[in-house]
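With my numbering applied, the sequence shown covers 497 to 799.
Glycine included, every Cβ here is placed at the ideal spot set by N, Cα and C.
Quick caveat: nothing in here was measured; it's all calculated off a predicted structure.
Each remark here refers to the structure printed beneath this line.
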Amino acid sequence: MSRRHVQRILLILLLAATVAGCTLPGAALPTPFTFPTPNLTLTAIFAPTETSTPEPPTPEVPPTETATGAVPTLPGGTPGATATSGVYSSRPNGSPITAPFMAAAPTIDGNTSEWTGAAYTADRATYGAANWSGTSDLSATYFLGWDTNHLYLAVRVRDDRFVQAASGRYLYRGDSVEMLLDVNLATDYTSNTLSSDDYQLGLSPGNFASLPTEAYLWYPASSEGARTSVAVRARTTTDGYELEASIPWSVFGVVPSDGSRFGFAFSVSDNDAPGTTTQQSLVSGVSTRRLTNPTTWGTLILD
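Structure below.
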């Protein structure tokens with residue numbers, strides 16, 4: 497057999513073996529993998545979620561603007577009227593109180609007999625009216641005068657039972673007197689709150705034994721404290737007590753002049769319970785008087 501014939505036989509055998517191998521079990525080509533149709537109920541999980549555009553943050557509310565101490569507009573729209581001009585010079589709460597100029601200073605000894613000018617009364621219960629039984633329980637007659645250095649006060653108090661066991665900032669819890677003074681009446685004429693030009697000064701007769709007379713300033717709060725520059729003298733009477741005081745104008749930061757006008761209220765405190773320190777009632781010369789509202793006070797005129 498020739499070499500060429502042998503090569504042909506081998507080629508035929510190789511082709512036969514290849515065809516036979518393709519038909520053996522397990523030798524078939526793999527079936528192509530088909531992905532399942534997606535379950536539409538899972539879309540919410542697999543589908544990309546749309547992201548909403550974030551809202552801008554709510555802007556902060558701007559802070560309330562604080563007014564800068566402007567002069568209040570007075571009735572009629574005229575700001576800053578002078579202390580002696582028109583309606584701005586007098587409160588409509590009762591008749592004005594007049595303090596005459598005193599060429600000679602009074603003797604401050606608690607004896608009011610030398611006071612013979614205009615007298616004013618304090619007999620309107622503005623606090624503790626339920627504890628006040630009338631003018632014999634508590635009332636007062638008072639006088640005022642002035643010179644360039646001092647404001648002078650004389651008081652005759654009618655009180656059926658004298659009790660004073662308090663002192664200092666609590667002196668009002670016993671029998672005592674006080675005055676309210678607005679030294680800038682025109683500028684804050686319509687202001688119904690206390691300001692730095694409003695003063696509350698208390699005067700105590702003491703207890704005529706171990707407790708001395710004294711003066712105490714409550715307002716302005718920044719200046720609160722005893723006022724030893726104020727001379728206070730008192731004495732008992734058959735139906736109460738008398739008190740005199742010499743008050744330097746410097747206590748109120750005032751340079752007085754003829755015709756000066758101030759907001760003003762004079763009042764008397766009462767305690768009828770011995771052994772206690774309680775303000776039971778207060779009578780005033782101004783029936784509308786409220787401590788913290790200067791528009792309820794009256795008017796003082798230097799004559």
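What does the alpha-carbon distance come out to for the pair residue i and residue j?
i       : j       : result
Pro-770 : Arg-657 : 9 Å
Pro-575 : Thr-594 : Its pLDDT being 32, under 50, Pro-575 is placed unreliably in this model, and the value from its coordinates should be taken loosely. So the two alpha carbons sit approximately 26 Å from each other.
Trp-745 : Asp-671 : 25 Å
Ala-579 : Ala-722 : Any reading at Ala-579 must be qualified, since the residue scores a pLDDT of 37, below 50, and its modelled position is unreliable; the value itself is stated next. Their Cα atoms are separated by approximately 29 Å.
Ala-687 : Trp-714 : Sequence check: residue 687 is Ser here, not Ala. Using only the alpha carbons, I get a separation of about 19 Å.
Ser-742 : Gly-781 : 20 Å
Ser-635 : Ser-753 : 31 Å
Glu-740 : Asp-684 : 30 Å
Gly-613 : Asp-633 : 25 Å
Ala-682 : Ala-599 : 28 Å
Val-747 : Thr-724 : 10 Å
Ala-662 : Ser-765 : 12 Å
Glu-738 : Ser-609 : 10 Å
Tyr-695 : Thr-733 : 29 Å
Trp-628 : Val-750 : 35 Å
Gly-641 : Pro-602 : 9 Å
Ala-761 : Arg-729 : 21 Å
Asn-789 : Arg-669 : 21 Å
Ala-566 : Gly-630 : The predicted model places Ala-566 with a pLDDT of 30, which falls under 50 and marks its position as unreliable, so this point remains unresolved.
Asp-655 : Asp-735 : 6 Å
Thr-709 : Leu-667 : 10 Å
With residue i as the anchor, note down where its beta strand (DSSP E) starts and where it stops.
i       : result
Thr-733 : 727-733
Tyr-668 : No beta strand (DSSP E) holds Tyr-668; DSSP gives it neither H nor E.
Trp-642 : 634-642
Ile-797 : 794-798
Asp-655 : 646-655
Thr-594 : 593-595
Ala-621 : 620-623
Would you mind giving the Cβ-Cβ distance between residue i and residue j, rounded to the nearest angstrom? I have them listed as a contact below 8 Å.
i       : j       : result
Thr-637 : Arg-652 : 5 Å
Ser-767 : Val-673 : In the sequence under discussion, the amino acid at residue 767 is Asn, which differs from the Ser named in the question. About 13 Å separates the two Cβ atoms, so there is no contact after all.
Gly-624 : Leu-778 : 6 Å
Gly-606 : Arg-786 : Contact flag wrong, Cβ pair sits at about 30 Å.
Ala-618 : Ser-706 : Ala-618 to Ser-706, Cβ: 28 Å. No contact.
Met-675 : Leu-690 : With 8 Å as the limit, Met-675 and Leu-690 do not qualify as a contact, their Cβ atoms being about 14 Å apart.
Ile-604 : Ala-727 : 5 Å
Counting Cβ pairs, one atom from each stretch, are 3 or more of them under 8 Å apart for the region 786-797 and the region 756-765?
-> yes
For the 8 Å Cβ check, are there 3 or more pairs between the region 630-648 and the region 695-703?
-> no
Beta strand (DSSP E) segments (min. 3 residues) lying fully within the region 699-782 = 710-715, 727-733, 736-744, 757-766, 777-780
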